[in-house]
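The working numbering puts the first residue of the sequence shown at 10, with every later residue one more than the last.
The beta carbon of each residue, even a glycine, is placed where N, CA and C say it ideally should be.
Below is one structure, written out as structure tokens; the observations come after it.
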Amino acid sequence: MIDLSLGTDAREVVLALATQRDDHRPYVRTIAADCDLPVEQVRRILFQLGEHGLATFGPVFDSDDGTPKGSTWWLTEAGTAVRDTIEQGKAA
10 MIDLSLGTDA
20 REVVLALATQ
30 RDDHRPYVRT
40 IAADCDLPVE
50 QVRRILFQLG
60 EHGLATFGPV
70 FDSDDGTPKG
80 STWWLTEAGT
90 AVRDTIEQGK
100 AA
């Protein structure tokens with residue numbers, strides 16, 4: 010079962026993460042800057058999200074030529090569902 014009792018910081022990180030279908034996947038430092046959080050705190054949150062199956066870590070490739078560009082985190086299908094729930098709650 011997905012725990013939706015994420016803290017405020019974790020919710021902000023979930024909202025900042027890309028999904029599996031997104032072409033652009035921001036790096037951890039960009040996510041931290043977007044959330045106005047320290048990089049180490051964002052890393053801890055990402056590891057926790059990963060342990061719960063909400064986020065995954067992997068390589069990033071240039072969409073034009075397939076050149077490796079590093080690696081980062083993005084939401085899994087379960088994480089995307091959590092983000093959708095968070096966004097619906099903000100709209101309510």
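Distance cutoff 7 Å, beta carbons only. Does residue i sit that close to anything in chain C?
| i | result |
| --- | --- |
| Leu-58 | Of the protein chains in this structure there is only one, and it is not chain C. |
Put residue i into one of helix, strand or coil per three-state DSSP.
| i | result |
| --- | --- |
| Thr-65 | strand |
| Leu-24 | helix |
| Leu-15 | coil |
| Leu-58 | helix |
Give me, in chain order, the residues of the same chain whose beta-carbon lies closer than 8 Å to that of residue i; leave out the 5 immediate sequence neighbours on both sides.
| i | result |
| --- | --- |
| Thr-85 | Gln-29, Gly-62, Leu-63, Ala-64, Thr-65 |
| Asp-93 | none |
Would you mind stating whether residue i and residue j have Cβ atoms separated by less than 7 Å?
| i | j | result |
| --- | --- | --- |
| Val-69 | Gly-79 | yes |
| Val-22 | Val-48 | no |
| Thr-76 | Tyr-36 | no |
Identify, in the order they occur along the chain, each residue of the same chain with its Cβ nearer than 6 Å to the Cβ of residue i, setting aside the five sequence neighbours on each side.
| i | result |
| --- | --- |
| Ala-25 | Ile-40, Asp-43, Cys-44 |
| Glu-96 | none |
So which of the options has the shortest CA-CA distance to residue i?
| i | options | result |
| --- | --- | --- |
| Asp-71 | His-33, Ala-19, Thr-17 | His-33 |
| Gln-89 | Ala-27, Lys-99, Gln-57 | Note on identity: in this sequence residue 89 is Thr, with Gln being the wrong assignment. Closest option to Thr-89, Cα to Cα, is Ala-27. |
| Ile-54 | Asp-18, Lys-99, Gly-98, Val-91 | Asp-18 |
| Phe-56 | Asp-73, Trp-83, Asp-31, Asp-74 | Trp-83 |
| Arg-20 | Arg-38, Asp-31, Leu-46 | Leu-46 |
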